[in-house]
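To convert, note that position 50 of the sequence shown is 50 in the working numbering; the numbers rise steadily by one, no gaps.
Presented below is the structure to which this report refers.
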Amino acid sequence: ASRIYRCDVKTDEITVWREGTNRTNGLAHDEQGRLFGCCSGGRAILRFDPAGNNEVIADGFDGHKLNTPNDLAIDRQGRVWFTNPWNATNIDATEIEEPGLRAVLCATPQADGSYSVARVETDSTMPNGILVSIDGNTLYVAESNSEDASIDRELRAYPIREDGSLGPYDTLHAFGTNKRQAQRGIDGMCLDREGNIVATAGWPSSGPGPLIYVFDPKGRIIETHPVPCIRPTNCCFGGPDRSTLYVTSAEGHLFKAETGMEGWALFP
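Below is the structure:
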C-alpha cells in the first residue's frame, strides 16, 4: 500500500500517518522538521505537512521528467539531494524511463520558496541510498545496480564544494565477489555520531545476505549483523537517546535493535 506509517518509539504502536502517497520511498526531515519524500510513482520529490497536504518541490530537470526518485538527504542549507534511478516495479507500467538520467540531483531552495533542480554527477548507473556527512562536506552515494551484479556496486564519497557542485568521487568500498558469490550492495543508509555509516544490504540479486553493514568513515567494514528477512531496505536511529536502530524490509517488516551506538540526524 502507498502509505507512510508512524511508529511511537515509547509504545511501539504503529499507525497510518499518510495515505495515498503513490509509492513514496525515501524520507527525511529538514532542519525545521518538515518531512520530504521520494514519490517514485509520481516521479517527484514531495514535502508533506501535518495538515495533510503534499507539495511537489521537484518533478523534472532541464525539460525532462524525473525517473523514479529513490532516496534523499537534506543538508543545513535546505538542499535536497536525491537519487534518480529507474525502477519499473515502483511506477505504472505505462510510464517510460528518461534515458541518461539515472543520476544524483539536487533541489536547492530559492528566495521565492521554489526549488531549482540541478544534476550534480554523471557517473551513476543505479544510484540508491544517499547521505550527507555530519560536517556537510561529503555526499555519500550507494551505487547499487540490482539488475547486473557485475556492475558498479560501490559506496562512493563526493566532496561537496562551496558552490554546491560535487568533486570527483572516491570509492570508499567496492563490493566484490567472495568464494560463494557476489557480495550484496547497499540499499538504505544512516549515520551515527562518530560518522560511521550503517547500511542495509538489500538486493538479493546482487549477492548473499541479508544483513546490516557498519562502515567507518573511510569505508572499512567494522561490523555486520544478519537480519531476519529477505530484503532489508532502509534504516534509521531512534528512541530517547537515538541508540535504537530501526530497519524496514520490502516484505513489510519493521525491526528494531539496541545498538550501543548513538545515531545522528539533522532534526530534531
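Ideal Cβ placement from N, Cα and C applies to all residues, glycine included.
Remember, predicted model here, so these are calculated numbers, not experimental data.
Between 202, 38, 12 and 233, which has its C-alpha nearest residue 84's C-alpha?
As a working note, residue 84 is residue 84 in the sequence shown. The candidate whose alpha carbon is nearest that of residue 84 is 38.
I need the boundaries of the beta strand (DSSP E) containing residue 9, first residue and last residue.
Within the sequence shown, numbered from 1, the residue matching residue 9 stands at position 9. No beta strand (DSSP E) holds residue 9; DSSP gives it neither H nor E.
In whole angstroms, what separates the C-alpha of residue 261 from that of residue 94?
On the sequence shown, residue 261 is found 261 positions in, with the first residue counted as 1. On the sequence shown, residue 94 is found 94 positions in, with the first residue counted as 1. Their Cα atoms are separated by approximately 45 Å.
Determine, using beta carbons only, whether residue 45 and residue 57 come nearer to each other than 8 Å.
To locate residue 45, count along the sequence shown from 1; it is residue 45. To locate residue 57, count along the sequence shown from 1; it is residue 57. Against a cut-off of 8 Å, the Cβ pair of residue 57 and residue 45 comes out as a contact.
Quick one: is residue 213 buried, meaning 16 or more other Cβ sit within 10 Å of its Cβ, or exposed?
The residue you call residue 213 lines up with position 213 of the sequence shown. Buried is the call here.
Are the CB atoms of residue 120 and residue 104 within a distance shorter than 8 Å?
Start at 1 with the first residue of the sequence shown, and residue 104 comes out as number 104. Start at 1 with the first residue of the sequence shown, and residue 120 comes out as number 120. For residue 104 and residue 120, yes; Cβs fall inside 8 Å.
Starting from the Cα of residue 238, find the closest Cα among 230, 219 and 266 and give me that residue.
Numbered from its first residue, the sequence shown carries residue 238 at position 238. When only C-alpha atoms are compared, the closest one is 266.
Which ranges does the beta strand (DSSP E) cover as unbroken runs of at least 3 residues, wholly within the stretch 191–260, from first to last along the chain?
197–201, 211–215, 221–226, 232–238, 244–249 and 254–258
When you compare each of 24, 240 and 144 to residue 4 by their alpha carbons, which one comes out closest?
By one-based count along the sequence shown, residue 4 stands at place 4. It is 24 whose Cα lies nearest to the Cα of residue 4.
DSSP on residue 111, reduced to helix/strand/coil?
As a working mapping, residue 111 is identified with position 111 in the sequence shown. Here residue 111 sits in coil by DSSP.
Proximity to residue 72 [Cα-Cα], best of 132, 111, 99 and 61:
The count along the sequence shown starts at 1 and reaches residue 72 at position 72. Checked all of 132, 111, 99 and 61; the closest Cα to residue 72 is 132.
Near residue 174, which residues of its chain fall below 6 Å by C-beta distance, leaving aside the five closest residues on each side in sequence?
In the sequence shown, residue 174 corresponds to position 174, counting from 1. So the qualifying residues of the chain are 154.
Could you check how far apart the C-beta atoms of residue 217 and residue 196 are, in whole angstroms? I think they sit under 8 Å.
Indexing the sequence shown from 1 puts residue 217 at position 217. Indexing the sequence shown from 1 puts residue 196 at position 196. Their Cβ separation, rounded to whole angstroms, is 7 Å, which keeps residue 217 and residue 196 in contact under 8 Å.
Three-way DSSP call (helix, strand, coil) for residue 90 in this model
Locating residue 90 in the sequence shown gives position 90, where the first residue counts as 1. Reduced to three states, the DSSP call for residue 90 is helix.
Would you say residue 250 lies against chain B (beta-carbon separation less than 8 Å)?
No chain B appears in this structure, which consists of one protein chain only.
What do you reckon, are the CB atoms on residue 247 and residue 227 nearer than 8 Å?
The sequence position of residue 247 within the sequence shown is 247, counting from 1. The sequence position of residue 227 within the sequence shown is 227, counting from 1. In contact: residue 247 and residue 227 (Cβ atoms closer than 8 Å).
Rounded C-alpha distance that separates residue 102 from residue 122:
Locating residue 102 in the sequence shown gives position 102, counting from the first residue. Locating residue 122 in the sequence shown gives position 122, counting from the first residue. Whole-angstrom Cα-Cα distance: 8 Å.
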